[in-house]
Amino acid sequence: MTYTNRRSFIKQSTLALAAAGVAPLIGFQPAENQQLCFSTLGCPEWSFDKILGFAVEHKYQAIEIRTIQKEIDIAKIAAFAPANIAATKQKLAANRIKLVDLGSSAALHHTDAATRKKHLDDARAYIDLAAKLGCPYIRVFPNNLPKDDSRKKILDLIVDGLNDLGAYSKG
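The numbering of the sequence shown is this note's numbering, which starts it at 3 and goes up by one.
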């Protein structure tokens with residue numbers, strides 16, 4: 003995995019902001035609800051409060067949560083523990099920052115029944131947490147697509163998993 007240092011992250015963020023300023027000049031019109039956001043993949047060692055402070059300072063409107071303080075299992079992050087969800091939502095609202103998605107590690111390509119069940123269960127837990135946080139999306143992975151004739155079978159598994167998770171999210 004490649005890590006981005008803070009200097010590079012800020013440089014890239016600055017370039018993104020500059021591009022956003024140039025976009026109207028070249029005819030690009032963003033959607034009304036489009037928000038400038040960043041992923042915590044770019045700052046894996048930061049605390050939730052530092053991430054939130056950075057977002058506010060640099061005028062971001064939203065954040066994708068993937069990792070905080072090197073913890074990739076979002077359920078283990080203190081800010082997202084059941085006892086802290088209300089306070090976390092209040093901090094986000096007070097700073098006018100939205101969560102655009104929670105990045106899970108769930109991979110939907112697995113053919114082994116037990117492994118597949120574990121990944122789908124993990125995704126469901128992320129859906130539940132996202133609902134509590136008022137976050138509209140979670141991210142899952144369609145990893146390891148084979149190049150041979152089993153590709154269609156794997157794609158069908160991924161589609162079935164997405165349909166299952168979509169139905170689950172609707173209650």
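By construction, the Cβ of each residue, glycine as well, lies at the ideal position given by its N, Cα and C atoms. Keep in mind that this is a model prediction, so the values were computed, not measured.
Quick check on this structure: which residue in the options has the alpha carbon closest to the alpha carbon of residue i?
i: I129; options: S49, S171, H60, A64; result: S171
i: A77; options: N146, L131, S152; result: L131
i: K70; options: Y62, Q63, A80; result: According to the sequence shown, residue 70 is Ile rather than Lys. Among Y62, Q63, A80, the Cα nearest to that of I70 is on A80.
i: Q63; options: C45, Q36, T117, I99; result: I99
i: A96; options: L167, V58, C45, L147; result: V58
i: A115; options: D75, G163, I65; result: G163
i: K119; options: K154, E47, L54, L159; result: L159
i: K134; options: P84, P46, K149, D51; result: P84
Are any of the Cβ atoms in chain B nearer than 8 Å to that of residue i?
i: S152; result: Considering every chain present, this structure includes no chain B. It has just one protein chain.
Within the same chain, show all residues whose beta-carbon is closer than 6 Å to that of residue i, passing over the 5 residues directly before and after it, in chain order.
i: R68; result: S41, T42, L43, G105
i: R126; result: Y170
i: E73; result: I79
i: L157; result: none
i: Q37; result: Q63, A64
i: V102; result: C39, A64, E66
What does a CB cutoff of less than 7 Å around residue i pick up in its chain, not counting 5 residues either side in sequence?
i: H121; result: A108, A109, L110, H112
i: D166; result: L122
Assuming residue i is part of the beta strand (DSSP E), what are its boundary residues?
i: R141; result: 140-143
i: F40; result: 39-41
i: E66; result: 64-67
Check the DSSP bridge columns for residue i and list the partner residues they point to.
i: A109; result: F143
i: D124; result: In the DSSP output, where bridge partners are listed per residue, D124 has none listed.
i: L104; result: I67, I140
i: E73; result: I70
Need the endpoints of the alpha helix (DSSP H) that residue i sits in, please.
i: E59; result: 50-59
i: R153; result: 153-171
i: K149; result: Looking at the DSSP string, K149 is not in any alpha helix (DSSP H), and its letter there is neither H nor E.
i: I99; result: First-last for I99: undefined, no H or E at that position.
Only counting the same chain, and skipping five residues up and downstream in sequence, which positions put a Cβ closer than 8 Å to that of residue i?
i: S49; result: I70, Q71
i: D124; result: S106, S107, A108
i: R153; result: L147
i: E47; result: Q71, K72
Compute every distance between the C-beta of residue i and the non-hydrogen atoms of the ligand GTP, then say whether any falls below 7 Å.
i: A96; result: This structure lacks the ligand GTP; in fact it carries no ligand of any kind.
>> With three or more C-beta pairs closer than 8 Å as the rule, is the region 141-148 touching the region 83-92?
In response: no
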